[in-house]
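Undergrad: Take a look at this one; I'll ask things after.
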Amino acid sequence: MEAYIGGVIPVSTVDWPGMLCSVVFLAGCDFRCPYCQNAGIIGFESKHLQRLSDIKKKLSDGRGFVDAVLFSGGEASLQRQALNNLACFAKQMGMKTGIETNGSRPFVIKSLIEDRLLDFVALDVKAPLEDRQDSLLERVTRSRTFFKSTGEVVTSIRRTLSILRENQDRVQIEIRTTVVPGLIYRVEDIVRIASELKGLHCTWCLQQFRPDVGELLDKRLVAVKPPSREFLLQLKEACLKKQPNIRIRVKAV
602 MEAYIGGVIP
612 VSTVDWPGML
622 CSVVFLAGCD
632 FRCPYCQNAG
642 IIGFESKHLQ
652 RLSDIKKKLS
662 DGRGFVDAVL
672 FSGGEASLQR
682 QALNNLACFA
692 KQMGMKTGIE
702 TNGSRPFVIK
712 SLIEDRLLDF
722 VALDVKAPLE
732 DRQDSLLERV
742 TRSRTFFKST
752 GEVVTSIRRT
762 LSILRENQDR
772 VQIEIRTTVV
782 PGLIYRVEDI
792 VRIASELKGL
802 HCTWCLQQFR
812 PDVGELLDKR
822 LVAVKPPSRE
832 FLLQLKEACL
842 KKQPNIRIRV
852 KAV
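Each residue of the sequence shown is one higher than the one before, starting from 602 at the first, in our numbering.
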């Protein structure tokens, strides 16, 4: 069996909080976020086709050095069969499994949790969840297509949030929002995201946009100055005033 694989990191100390993990990047994504740092793997290109047996060999070689496997992308949930296959393999090796997702495929997340193939979910909530065609979410994700409206994208992400609420005693949950000056940075917008997380037992990570890391989709953003740690801490405090029970961490250099 083959899948579109963007690469494998044998050992990561930063992608899964508190866990040493291998990271498998599944290529292909249904969003086109301009600040995406993995622009080279958002398409389903033949050069990314790899045999799953080769990926399993890499994961097997890492056993003893790492405790878990994290599936990232791209959007890993788009390759459901390969994702399920690799997650089963990791579990058979006695490893924990996690996924980084944009939330556009809630049925995949639900199935993986029900089959006990997920221990950790990192969900990117990239902007306030509004279903207007001119919404900030659409500007941030460029996810609307002829076949899928902004409203359908919002419904999918909200359904993923609901699934996580229903299973928050079974999986570790982290919500992530990347703060990008000029795009998603205003206090009122970040506070509106906080309202979507009410009642969810999670850690919410406010991430600093880093134009110097990875391969940006929109090369113009290379010139954007990253938000300071102090600014992110101000956003955190503003959110805690509205939602004092949310656990928020700031990720910045």
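Backbone N, C-alpha and C define an ideal beta-carbon position, used for all residues, glycine too.
Note that this is a predicted model, so its numbers are computed, not measured.
How many Å lie between glutamate 715 and alanine 824 at the Cα?
TA: On the sequence shown, position 114 is the one that residue 715 refers to. On the sequence shown, position 223 is the one that residue 824 refers to. If you take the alpha carbons of glutamate 715 and alanine 824, they lie about 44 Å apart.
Undergrad: Kindly indicate which three-state DSSP category serine 623 falls into: helix, strand or coil?
TA: Residue 623 sits at position 22 when you count from the first residue of the sequence shown. In this structure, serine 623 counts as strand in the three-state DSSP scheme.
Undergrad: Can you give, in chain order, each stretch of the beta strand (DSSP E) that sits fully within the segment 657-692 and has at least 3 residues?
TA: 669-673
Undergrad: Tell me which same chain residues have a C-beta within less than 6 Å of the C-beta of proline 707, skipping the five on either side of it?
TA: Reading the sequence shown from its first residue, position 106 is the one you call residue 707. Contacts found: Ser757, Arg760, Thr761 and Ile764.
Undergrad: How many Å lie between lysine 648 and glutamate 831 at the Cα?
TA: Locating residue 648 in the sequence shown gives position 47, counting from the first residue. Locating residue 831 in the sequence shown gives position 230, counting from the first residue. A straight-line Cα-Cα distance of about 42 Å links lysine 648 and glutamate 831.
Undergrad: For my contact list, glycine 815 and glutamine 638 are in at a C-beta cut-off of 8 Å; report their separation, rounded to the angstrom.
TA: In the sequence shown, residue 815 corresponds to position 214, counting from 1. In the sequence shown, residue 638 corresponds to position 37, counting from 1. Between glutamine 638 and glycine 815 the Cβ distance is about 3 Å, and since that is below 8 Å, they are a contact.
Undergrad: Go ahead and pull the three-state DSSP assignment for isoleucine 642.
TA: Taking the sequence shown and counting its residues from 1, one reaches residue 642 at position 41. Reduced to three states, the DSSP call for isoleucine 642 is helix.
Undergrad: Relative to the alpha-carbon of arginine 633, which residue among Gly608, Gly665, Phe690 and Asn703 has its alpha-carbon at the smallest distance?
TA: Translated into the one-based positions of the sequence shown, residue 633 becomes position 32. Taking only the C-alpha atoms, the option nearest arginine 633 is Asn703.
Undergrad: Pick out whichever of Asp631, Cys806, Leu650 and Val772 has its Cα sitting closest to the Cα of leucine 836.
TA: Numbered from 1 along the sequence shown, position 235 holds the residue referred to as residue 836. Measuring from the Cα of leucine 836, the nearest candidate turns out to be Cys806.
Undergrad: Are alanine 677 and isoleucine 710 close, meaning C-beta to C-beta below 8 Å?
TA: Here residue 677 refers to the residue found at position 76 of the sequence shown. Here residue 710 refers to the residue found at position 109 of the sequence shown. No, these two residues do not count as a Cβ contact at 8 Å.
Undergrad: Please confirm if the segment 771-778 is in contact with the segment 721-728, defined as three or more CB-CB distances below 8 Å between the two stretches.
TA: yes
Undergrad: Is serine 623 closer than 8 Å to valine 615 when the C-beta atoms are compared?
TA: Along the sequence shown, read from residue 1 onward, the residue named residue 615 stands at position 14. Along the sequence shown, read from residue 1 onward, the residue named residue 623 stands at position 22. No. Outside cutoff.
Undergrad: Give me the residue from Arg664, Pro618 and Leu687 with the minimum Cα distance to leucine 718.
TA: The residue given as residue 718 occupies position 117 in the sequence shown. The shortest Cα separation from leucine 718 among Arg664, Pro618 and Leu687 belongs to Leu687.
Undergrad: Less than 8 Å separating the beta-carbons of tyrosine 605 and alanine 640?
TA: For the purposes of this step, residue 605 is taken as the residue at position 4 of the sequence shown. For the purposes of this step, residue 640 is taken as the residue at position 39 of the sequence shown. Tyrosine 605 is not a Cβ neighbour of alanine 640, given a cutoff of 8 Å.
Undergrad: With H, G and I counted as helix, E and B as strand and the rest as coil, what does DSSP make of aspartate 790?
TA: Along the sequence shown, read from residue 1 onward, the residue named residue 790 stands at position 189. If DSSP states are grouped into helix, strand and coil, aspartate 790 belongs with the helices.
Undergrad: Proline 812 and proline 828 look like a contact to me (Cβ under 8 Å); what is the Cβ gap, rounded to whole Å?
TA: Sequence index remark: in the sequence shown, residue 812 carries index 211 (1-based). Sequence index remark: in the sequence shown, residue 828 carries index 227 (1-based). Actually they do not touch by this definition, with Cβ atoms about 11 Å apart.
Undergrad: Looking only at C-alpha atoms, which of Gln680, Asp668 and Leu679 sits nearest to glutamine 693?
TA: Here residue 693 is taken as the residue at index 92 of the sequence shown, counted from 1. Among Gln680, Asp668 and Leu679, the Cα nearest to that of glutamine 693 belongs to Asp668.
Undergrad: Helix, strand or coil for glutamate 816, going by three-state DSSP, please let me know.
TA: Residue numbering aside, residue 816 sits at position 215 when the sequence shown is read from its first letter. Strand.
Undergrad: Between histidine 802 and the rest of its own chain, which residues show a CB-CB distance below 6 Å, the 5 nearest in sequence each way excluded?
TA: Here residue 802 refers to the residue found at position 201 of the sequence shown. Excluding residues within five positions, the ones whose Cβ falls inside 6 Å are Gln769.
Undergrad: Just to check, is the beta-carbon of glycine 619 closer than 7 Å to a non-hydrogen atom of the ligand ADP?
TA: Looking for the ligand ADP in the displayed structure turns up nothing, as the structure carries no ligands at all.
Undergrad: Candidates Val609, Pro618, Tyr636 and Gly619: which alpha carbon is nearest phenylalanine 626's?
TA: Stepping through the sequence shown from its first residue, residue 626 is reached at position 25. Checked all of Val609, Pro618, Tyr636 and Gly619; the closest Cα to phenylalanine 626 is Val609.
Undergrad: How would you write the range of the beta strand (DSSP E) that glycine 608 sits in, first residue to last?
TA: Taking the sequence shown and counting its residues from 1, the one referred to as residue 608 is at position 7. Residues 603-613.
Undergrad: Valine 722 bridges to which residues according to DSSP?
TA: Translated into positions along the sequence shown, residue 722 becomes position 121. BP columns for valine 722 point to Ile700 and Ile774.
Undergrad: To which residues of the same chain is aspartate 732 closer than 6 Å at the C-beta, ignoring the five residues directly before and after it?
TA: To locate residue 732, count along the sequence shown from 1; it is residue 131. Here the set comprises Thr751, Gly752 and Val755.
Undergrad: Let me confirm a value: aspartate 662 is counted as buried when at least 16 other C-beta atoms fall within 10 Å, else exposed. Which label applies?
TA: For this step, residue 662 is matched to residue 61 along the sequence shown. Burial call: exposed.
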